[in-house]
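Peer 1: Handing you a structure now.
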Amino acid sequence: MKNSRLMILAILVLAGILITQLNQIPNLNKQLVQAKATLKQAKTNQEPSQTIASSPQAQQDNVLGSTKMVTSFVKTFSNKPTSSYPENLKGMASQKVINELTQTFAPSVTFSDKSHYEVPVVAIKNVWGSDLNCLVIAKNNAQSVAYLITYDTDEKLVIDMSRLTLKGAFDNEK
122 MKNSRLMILA ILVLAGILIT QLNQIPNLNK QLVQAKATLK QAKTNQEPSQ TIASSPQAQQ
182 DNVLGSTKMV TSFVKTFSNK PTSSYPENLK GMASQKVINE LTQTFAPSVT FSDKSHYEVP
242 VVAIKNVWGS DLNCLVIAKN NAQSVAYLIT YDTDEKLVID MSRLTLKGAF DNEK
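The opening position of the sequence shown corresponds to residue 122 in our numbering, with each subsequent residue numbered one higher.
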């Protein structure tokens, strides 16, 4: 009799566990459906991020074009009178940079009608960002001037600029 009571108790405990597990099945199905939906969303979010990364050749072409724009910008403001900056630099630089050039940088550098500035050096600090940080040296026979220029590759504009002091001599060899 004792054995049969223990057997009945064991059967009731196992039946209780079985019923509890069977009640968990709908919850587990809901969790499975949600996990599949999350996985599908993660995969669709991953695909665009893989296509955004550009190839090294495309980035090299982008940097080359940006370097040409920065060189053209420096040649333009170095070889044109200050009064013509708003017209000549429009589309090459932001209005903030044009104002800074007109009020601050241009008066501190001797730009004369006889001197012609060349841009022998454009060094790039950050190639993979959307903003290129460039060190640009403009020089003529009398002086050399260095600028730190930030070029926005998305907007295709010079967005920031500062003049640097050159220590020592920057020789006139090309």
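Glycine included, C-beta positions come from ideal geometry on N, C-alpha and C.
I believe S251 touches D281 by the beta-carbon criterion, under 8 Å. Please report the beta-carbon distance rounded to the nearest angstrom.
Peer 2: With 8 Å as the limit, S251 and D281 do not qualify as a contact, their Cβ atoms being about 13 Å apart.
Peer 1: Just mark K157 as buried or exposed, buried being the case when its beta carbon has 16 or more other beta carbons within 10 Å.
Peer 2: exposed
Peer 1: Identify whether D275 lies in helix, strand or coil by the three-state DSSP scheme.
Peer 2: coil
Peer 1: Where does T165 land, buried or exposed, given buried means 16+ other C-beta within 10 angstroms?
Peer 2: exposed
Peer 1: Can Y272 and S187 be called in contact, C-beta distance under 9 Å?
Peer 2: yes
Peer 1: Does the distance from the CB of V191 to the CB of V257 come in under 9 Å?
Peer 2: Judged by beta-carbon spacing, V257 lies within the 9 Å limit of V191, meaning their Cβ atoms are closer than that value.
Peer 1: Going along the chain, which residues of its own chain have a beta-carbon closer than 7 Å to the beta-carbon of H237, five neighbours each way excluded?
Peer 2: N200, N261
Peer 1: According to DSSP, is Y268 helix, strand or coil?
Peer 2: strand
Peer 1: Given P207, which residues of its chain have a CB within under 8 Å of its CB, disregarding the five upstream and five downstream residues?
Peer 2: I219, T223
Peer 1: Name the one or two DSSP bridge partners that I258 has.
Peer 2: Looking at the DSSP output, I258 shares a beta bridge with V242, A267.
Peer 1: So, for I270: in the same chain, excluding its five sequence neighbours on each side, which residues have a beta-carbon less than 7 Å away from its beta-carbon?
Peer 2: V191, C255, V257, V279, M282
Peer 1: Using a 10 Å radius around the Cβ and a threshold of 16 neighbouring Cβ atoms, would you call A131 buried or exposed?
Peer 2: Within 10 angstroms of the beta-carbon of A131 lie fewer than 16 other beta-carbons, which makes it exposed.
Peer 1: Rounding to the nearest angstrom, what Cα-Cα distance links N150 and N144 in this structure?
Peer 2: 11 Å
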